[in-house]
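**Q**
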Amino acid sequence: MNADAAAPRRDPGLQPQRTRLAWRRTTLSGTVVTVLAARSALQSGPSPAAVAAGALCAVLWLAFLRLAHLRIRALDASYRPGALTPPWAAVAALCTVALAVCGAAIVL
Amino acid sequence: MIPFVRNARLWFAPEEIRQEGPTPDYRFSLANERTFLAWLRTALALIGGGFAVDQFLPDLRWGWRVGLALALLTAGVLCSLRAVNHWVRCERAMRRGEDLPASRFPAVLSLVVAVVAVAMVLMVLVGWER
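Heads up: the protein sequence lines correspond to chains A and B, in order.
With the first letter of the first sequence counted as 1, position 27 gets the number 27 in the UniProt record's numbering; the numbers rise by one all the way through.
With the first letter of the second sequence counted as 1, position 124 gets the number 124 in the UniProt record's numbering; the numbers rise by one all the way through.
1) Once DSSP output is grouped into helix, strand and coil, what is the label at B:L60?
2) Check whether the Cβ of A:N2 lies closer than 9 Å to any Cβ atom in chain B.
3) Would you call A:D76 buried or exposed, if buried means 16 or more other Cβ atoms sit within 10 Å of its Cβ?
4) Could one say the Cβ of A:P87 lies closer than 9 Å to chain B's Cβ atoms, at least one of them?
5) Under 8 Å: do the stretch 85 to 101 of chain A and the stretch 84 to 94 of chain B share three or more Cβ pairs, one atom per stretch?
6) Assess, as a yes-or-no matter, whether the stretch 23 to 43 of chain A is touched by the stretch 45 to 63 of chain B under the definition of 3 or more beta carbon pairs within less than 8 Å.
7) Counting only Cβ pairs nearer than 7 Å, list the residues of chain A close to B:V88.
8) Spatial neighbours of B:W39 within its chain, please: C-beta separation below 6 Å, excluding the five flanking residues on both sides.
9) With a threshold of 9 Å between beta carbons, is A:A77 in contact with chain B?
10) Is there at least one Cβ from chain A nearer than 9 Å to B:P24's Cβ?
11) Taking beta-carbon pairs under 8 Å, can you tell me which members of the UniProt domain "DUF202" (11 to 74) of chain A lie near chain B?
12) Would you tell me roughly how many angstroms separate the C-alpha atoms of B:T35 and A:Q15, rounded to the nearest one?
13) Less than 9 Å between CB atoms is the rule here; does A:R80 satisfy it with respect to chain B?
14) For chain B, find out if any of its Cβ atoms is closer than 9 Å to the Cβ of A:G103; answer yes or no.
15) For B:R41, which three-state DSSP category applies?
16) Taking contact to mean 3 or more Cβ pairs, one atom from each stretch, closer than 8 Å, check whether the stretch 13 to 22 of chain B and the stretch 118 to 126 of chain B are in contact.
17) Could you tell me which of B:A69, B:E91 and B:V116 sits nearest to B:D99, measuring between CA atoms?
18) Going by beta carbon distance, what residues of the same chain come within less than 6 Å of B:V77, once the five residues before and after it are set aside?
19) By the criterion of Cβ-Cβ separation under 8 Å, what are the contact partners of B:A45 in chain A?
20) Of all Cβ atoms in chain B, is any one closer than 9 Å to the Cβ of A:I106?
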């Protein structure tokens, strides 16, 4: 049909796949942190504030999973995916910040 | 601090970034995204370290335990904020065809991690228990 038809239908350096796996690793790290947060919240003689902070951690974790899922879908949709856009990166980073703030509430 | 605040506006302004210049090769953008994610994992590891200190060093005196945990959590916050800031700066530099921004942050973070590690070794050796 056209000249593009002969071109490989995937990135030769597997860049989208590597990026997808990087998101996967990041969600795994987030899972570990959330499990530690839940453990902390329930262990130290669960006060209402600590339990609330632990629950908030779980919500943040779900939000981060959702964001990663959407990005992974976008990466899979095309073999030349578009760049990550600012609000997504900022939301991912702010989820991490909020996790740390909840952590401080649990620890104190 | 002021450039940081100016960049913080860009975190939520995709249109403003897109107006900067030609879109770089998608592979460069994906590499930048992976670097951002690696820094985010570093931040998550620091936050996880904060929780670990709180939970797995229960014999430590309260002040030391909470102080160390809060120091690690704070390092995690700074690391994730810096991650998104650096990502935006790299994205912009690539669009403008400038050099990628240099940064002192990795050196500072390494020093902070080294200091925290030495502090933990001392605490375990000297045994500042309650």
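A virtual CB, placed ideally from N, CA and C, is assigned to each residue, including glycine.
**A** For this structure:
1) Your numbering for residue 60 of chain B matches position 60 in the second sequence. Here B:L60 sits in strand by DSSP.
2) One-based indexing of the first sequence puts residue 2 of chain A at position 2. Low confidence applies to A:N2: its pLDDT is 49, below 50, so where it sits in the model is not reliable enough to give any reading.
3) For the purposes of this step, residue 76 of chain A is identified with residue 76 of the first sequence, where counting begins at 1. A:D76 is exposed by the Cβ-count criterion.
4) Stepping through the first sequence from its first residue, residue 87 of chain A is reached at position 87. With 9 Å as the cut-off, A:P87 counts as an interface residue toward chain B.
5) yes
6) yes
7) Within the second sequence, the letter at position 88 stands for residue 88 of chain B. Under the 7 Å cutoff, chain A gives P86.
8) By 1-based counting over the second sequence, the position of residue 39 of chain B is 39. Hits under 6 Å: A83.
9) Numbered from its first residue, the first sequence carries residue 77 of chain A at position 77. Cβ-Cβ to chain B under 9 Å: no for A:A77.
10) Within the second sequence, the letter at position 24 stands for residue 24 of chain B. Answer yes: the Cβ-Cβ gap between B:P24 and chain A drops below 9 Å somewhere.
11) D11, G13, Q15, P16, R18, T19, A22, W23, R25, T26, S29, G30, V32, V33, L36, A37, R39, S40 and Q43
12) Numbered from its first residue, the second sequence carries residue 35 of chain B at position 35. Numbered from its first residue, the first sequence carries residue 15 of chain A at position 15. For B:T35 and A:Q15, the distance between alpha carbons rounds to 13 Å.
13) Here residue 80 of chain A corresponds to residue number 80 of the first sequence, with the count starting at 1. Yes, its Cβ sits closer than 9 Å to a Cβ of chain B.
14) Counting from 1 along the first sequence, the entry for residue 103 of chain A is found at position 103. At least one chain B Cβ lies under 9 Å of A:G103.
15) Along the second sequence, read from residue 1 onward, the residue named residue 41 of chain B stands at position 41. Note: B:R41 maps to helix in three-state DSSP.
16) no
17) Numbered from 1 along the second sequence, position 99 holds the residue referred to as residue 99 of chain B. Of the candidates B:A69, B:E91 and B:V116, the one whose C-alpha sits nearest the C-alpha of B:D99 is B:E91.
18) Taking the first residue of the second sequence as 1, we reach residue 77 of chain B at position 77. So no residue of the chain qualifies.
19) Position 45 of the second sequence, counted from the first residue, corresponds to residue 45 of chain B. Here the neighbours are S29.
20) For the purposes of this step, residue 106 of chain A is taken as the residue at position 106 of the first sequence. Yes, its Cβ sits closer than 9 Å to a Cβ of chain B.
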